[in-house]
Amino acid sequence: MAAGNSTRRDVVRGLLAAAVAAALAPLVTASGPPRTSRTSRSSQPPRAGDGSGSGIDGGIGGGPGGPQRFGTEPQTRSAAEFDEMYRGCRIRGFKDTLCGERPAGTVRPTGAVPPAGAVRPAGAVRPAGAVRPAGAARAASPAASGGSWRVTVDDRPLHLMRRADGGYLTMVDHYQSYPTPLAAARAAVDELGGTLRLRATAARAERGEGHGHGVRA
Amino acid sequence: MAYARKNVSALTRTEKRRLVDAFLRIKRTGEYDEFVRIHIDHYVADGEGGLRAAHMAPSFFPWHRRFLLDLERALRRADPGVSVPYWDWTKDRTPAAPLWGDDLLGGNGRRSDRQVTTGPFARRHGKWVVRESTTDGDYLMRDLGRPRDPLDLPTADDLDGALRDPVYDAEPWDSTSDRGFRNKLEGWGAGRGNGAWRNHNRVHRWVGGHMLGGASVNDPVFWLHHSFVDLLWTRWQQRHRGARYLPESPPELGDRQYRRIVARHEAMPPWRVTPQELEDHSRIYRYV
Ligand SMILES: [Cu+2]
Chain A
0 MAAGNSTRRD VVRGLLAAAV AAALAPLVTA SGPPRTSRTS RSSQPPRAGD GSGSGIDGGI
60 GGGPGGPQRF GTEPQTRSAA EFDEMYRGCR IRGFKDTLCG ERPAGTVRPT GAVPPAGAVR
120 PAGAVRPAGA VRPAGAARAA SPAASGGSWR VTVDDRPLHL MRRADGGYLT MVDHYQSYPT
180 PLAAARAAVD ELGGTLRLRA TAARAERGEG HGHGVRA
Chain B
0 MAYARKNVSA LTRTEKRRLV DAFLRIKRTG EYDEFVRIHI DHYVADGEGG LRAAHMAPSF
60 FPWHRRFLLD LERALRRADP GVSVPYWDWT KDRTPAAPLW GDDLLGGNGR RSDRQVTTGP
120 FARRHGKWVV RESTTDGDYL MRDLGRPRDP LDLPTADDLD GALRDPVYDA EPWDSTSDRG
180 FRNKLEGWGA GRGNGAWRNH NRVHRWVGGH MLGGASVNDP VFWLHHSFVD LLWTRWQQRH
240 RGARYLPESP PELGDRQYRR IVARHEAMPP WRVTPQELED HSRIYRYV
């Protein structure tokens with residue numbers, strides 16, 4: 000079988016290295032008022048046929064991802080927020096909109112995109128997915144352009160994602176969307192069922208919707 | 000020579016044992032948790048920017064086909080005689096169905112914390128410790144049928160509503176597409192409540208626990224569910240001869256989906272493979 004262990008490990012090693020770097024990114028903005036900086040990058044699907052390993056049973060190694068676009072979005076602070084007890088859990092959320100443009104480089108450590116040589120043998124190609132960790136560096140979306148919500152349940156970050164219909168999804172409840180961040184947070188608490196807590200991990204999750212999923216142990 | 004993927008209810012006792020052993024083996028080596036991470040990392044929602052390959056996108060089917068093939072390869076390295084069976088949830092509709100038996104996936108989670116306590120994947124055996132999750136429990140969780148607000152698995156009629164659509168996918172190529180086989184089967188409905196859950200998505204909800212969240216791959220039933228979803232793509236092709244994956248060419252600059260979805264001849268991350276190359280699996284495996 001063409002997909003060797005080493006190839007897969009390289010992919011994952013790439014993901015992990017990128018994730019570690021992504022986890023460092025919030026440190027840049029960790030102090031002071033909650034100013035979230037968004038870094039955008041979209042990976043373009045590479046055209047097929049520009050390398051080996053394609054096909055239904057081909058290796059999983061892919062070519063370099065498409066051009067990476069970095070960008071920022073306008074940032075201003077607004078007052079939208081909630082803070083309530085729901086089924087014994089404290090749910091808090093606020094819309095974090097920030098002022099000013101920041102060059103991507105100031106919010107993203109240079110190590111955020113792992114140098115190819117550092118994570119894989121020389122000559123190996125980097126699959127497009129490997130350079131795009133868990134949404135840690137996703138393009139700013141139209142839906143999120145009004146700012147991003149940061150929601151916590153008992154002080155632990157609840158990652159929110161936007162759906163095209165304007166709804167909100169959480170990592171706990173991934174196959175349905177809710178009309179508001181509060182509704183999504185309550186549904187997540189329902190799902191936690193009084194016995195579980197969100198994982199405390201991942202600083203990356205604290206950066207709100209559109210960023211990392213924050214589920215790594 | 001293509002190998003067979005079987006209905007899970009048709010597996011012999013020996014086939015079940017070998018499948019379970021293969022799962023436990025790749026869990027022990029750490030390979031399994033890499034699959035959990037890859038699935039998490041490729042969940043991009045359609046209200047966010049960036050390329051969506053796995054969900055809320057036309058490549059939902061080919062992405063999961065390739066994902067399953069990789070898992071199946073890992074299993075077959077552990078035991079060349081196994082393959083991923085499929086769970087026909089239109090027929091095996093209750094927690095009493097054979098797949099939830101102690102000799103295969105184990106049963107429902109217990110009431111207090113939804114922890115699966117029966118079968119080979121129960122935490123107490125120490126062989127299935129959840130490491131990649133959104134919550135702090137390290138045990139597998141299920142909430143079959145969600146008793147506090149019950150819902151049923153999709154029916155054969157629900158499925159037929161999707162299979163009947165002669166078009167693979169349609170604009171806007173996301174979770175709001177109201178035409179096309181892909182979204183009808185992936186199952187993003189409009190509105191709230193149980194009606195919003197359809198087909199594939201509804202099955203994730205019905206199993207509940209880990210299957211409901213981003214870390215759904217932690218439950219081995221994920222693969223049996225997606226094996227059936229994969230079979231349904233093939234059934235749809237057989238029903239609509241000549242119908243192909245869409246879109247054929249990428250959305251252009253100015254289109255809201257520009258660079259956000261994978262067209263027929265584009266490579267899907269994290270692989271190099273294109274949807275076109277995944278449209279026919281008959282060389283590799285067949286469903287029996
Ligand atoms: Cu699924």
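Protein sequence lines, in the order shown, are assigned to chains A and B. Taken in order, the first sequence gives residues 0 to 216; the numbers are from numbering that gives the first Met the number 0. Taken in order, the second sequence gives residues 0 to 287; the numbers are from numbering that gives the first Met the number 0. The beta carbon of each residue, even a glycine, is placed where N, CA and C say it ideally should be.
Review point. Residues with a Cβ closer than 6 Å to any heavy atom of ligand 1, in chain order?
Key: Output, sorted by chain position: 199(B), 203(B) and 225(B).
Review point. Of all the residues that make up the region 17-50 of chain B, which are near chain A by a beta-carbon distance shorter than 8 Å?
Key: Among the residues of the region 17-50 of chain B, those with a Cβ less than 8 Å away from any Cβ of chain A are 30, 33, 36, 37, 39, 40, 41, 42, 43, 44, 45, 46, 47, 48, 49 and 50, in the order of the chain.
Review point. In or out: residue 7(B) buried (at least 16 other Cβ within 10 Å) or exposed?
Key: By the neighbour-count rule (16 or more Cβ atoms within 10 Å), residue 7(B) is buried.
Check your understanding: Would residue 254(B) count as contacting chain A if we go by Cβ distances under 7 Å?
Key -> In terms of beta-carbon proximity, residue 254(B) stays away from the interface with chain A, with every pair separated by 7 Å or more.
**Study point:** Same chain only: Cβ atoms within 6 Å of residue 117(A), ignoring 5 sequence neighbours per side
**Key:** Interpretation of residue 117(A) is limited by its pLDDT of 32, a score under 50 that renders its predicted location unreliable; no figure is taken from the coordinates.
Point to revise | residue 194(A) (DSSP reduced to helix, strand or coil) | key: Under the three-state reduction of DSSP, residue 194(A) is assigned to coil, being neither helix nor strand.
Review point. Who are residue 114(B)'s beta bridge partners in DSSP?
Key: Residue 114(B) pairs with 140(B).
Review point. Considering only C-alpha positions, which residue in the set 287(B), 206(B), 249(B) and 219(B) is nearest to residue 88(B)?
Key: Among 287(B), 206(B), 249(B) and 219(B), the Cα nearest to that of residue 88(B) is on 206(B).
**Study point:** Min CB distance residue 194(A) to chain B below 7 Å
**Key:** Chain B contact via Cβ: present.
Review point. Using a beta-carbon distance below 7 Å, is residue 126(A) in contact with chain B?
Key: Because the pLDDT of residue 126(A) is 34, which lies under 50, any placement of that residue in the model is unreliable, and the number read from its coordinates should be weighed accordingly. Yes, contact with chain B.
**Study point:** CB contact check: residue 198(A) to chain B, cutoff 7 Å
**Key:** Interface residue, yes.
Review point. On the three-pair Cβ rule with 8 Å, is the region 107-126 of chain B touching the region 186-201 of chain B?
Key: At 8 Å Cβ cutoff, the stretches do not touch.
Check your understanding: Quick check: the region 238-249 of chain B against the region 165-179 of chain B, are there 3 or more CB pairs under 8 Å?
Key -> Touching, per the Cβ criterion.
Practice item. Pull up the distance between the alpha-carbon of residue 42(A) and that of residue 218(B), whole angstroms please. Key: Its pLDDT being 42, under 50, residue 42(A) is placed unreliably by the model, and the measurement read from it follows with that caveat. One C-alpha to the other measures close to 29 Å.
Review point. Where DSSP assigns a beta bridge to residue 85(A), which residues make up the other side?
Key: DSSP lists 88(A) as partners of residue 85(A).
Practice item. Determine the DSSP secondary structure at residue 165(B), reduced to helix, strand or coil. Key: Of the three classes helix, strand and coil, the one that applies to residue 165(B) here is coil, per DSSP.
Point to revise | residue 156(A), enclosing beta strand (DSSP E) - first and last residue | key: Taken as a continuous stretch (DSSP letters only), the beta strand (DSSP E) holding residue 156(A) covers 155-157.
Review point. Do residue 161(A) and residue 174(B) have their CB atoms nearer than 7 Å?
Key: No, the pair does not count as a contact, with Cβ atoms beyond the cut-off.
Practice item. List the residues of chain B that residue 161(A) touches, going by C-beta distances under 9 Å, in chain order. Key: Within 9 Å Cβ-Cβ: 44, 45, 46 and 47.
Point to revise | Residues near residue 102(B) in its chain [Cβ-Cβ closer than 6 Å; skip 5 each side] | key: Contacts found: 15.
Practice item. Along the beta strand (DSSP E) that carries residue 286(B), what are the first and last residues, could you check? Key: Here the beta strand (DSSP E) through residue 286(B) covers 284-286.
**Study point:** Beta-bridge pairing of residue 108(B) - partner residues as DSSP gives them
**Key:** DSSP lists 115(B) as partners of residue 108(B).
Check your understanding: Is residue 227(B) near residue 86(B), with beta carbons less than 7 Å apart?
Key -> It is a contact, given that the beta carbons lie within the stated cut-off.
**Study point:** Among 183(B), 145(B) and 176(B), nearest to residue 162(B) - alpha-carbon criterion
**Key:** Closest in alpha carbon position to residue 162(B), among 183(B), 145(B) and 176(B), is 183(B).
Check your understanding: Between the beta-carbon of residue 180(A) and the beta-carbon of residue 159(A), is there less than 7 Å?
Key -> One thing to note: residue 180(A) has its Cβ within 7 Å of the Cβ of residue 159(A).
**Study point:** Residue-chain proximity (residue 188(A), chain B), Cβ-Cβ < 7 Å
**Key:** With its beta carbon at least 7 Å from every one in chain B, residue 188(A) lies outside the interface.
Check your understanding: For residue 147(A) versus residue 189(A), is the C-beta distance shorter than 7 Å?
Key -> No; because the gap between Cβ atoms is not below 7 Å, this pair is not in contact.
**Study point:** Residue-chain proximity (residue 170(A), chain B), Cβ-Cβ < 7 Å
**Key:** So, interface residue.
Exercise for review: Measure the CB-CB distance between residue 72(B) and residue 272(B) and report whether it falls below 7 Å.
Suggested key: Residue 72(B) is not a Cβ neighbour of residue 272(B), given a cutoff of 7 Å.
Review point. By how many angstroms is the C-alpha of residue 78(B) removed from the C-alpha of residue 10(B)?
Key: Rounded to the nearest angstrom, the two C-alpha atoms are 16 Å apart.
Review point. Any C-beta of chain B sitting closer than 7 Å to the C-beta of residue 85(A)?
Key: So no, residue 85(A) is outside the interface.
Review point. Using a C-beta to C-beta distance shorter than 8 Å, which residues of chain B count as neighbours of residue 164(A)?
Key: Think of a sphere of 8 Å around the beta carbon of residue 164(A): the chain B residues whose beta carbon falls inside it are 46, 174, 175 and 189, in chain order.
Review point. In whole angstroms, what is the alpha-carbon distance linking residue 136(B) and residue 195(A)?
Key: Near 7 Å, if we compare the C-alpha coordinates of residue 195(A) and residue 136(B).
Exercise for review: Could you name the residues of the region 205-233 of chain B whose beta carbon sits closer than 8 Å to any beta carbon of chain A, in the order they occur along the chain?
Suggested key: Hits within the stretch, in order: 211, 212, 213, 214 and 215.
**Study point:** Helix, strand or coil at residue 33(B) according to DSSP, with G and I counted as helix
**Key:** Under the three-state reduction of DSSP, residue 33(B) is assigned to helix.
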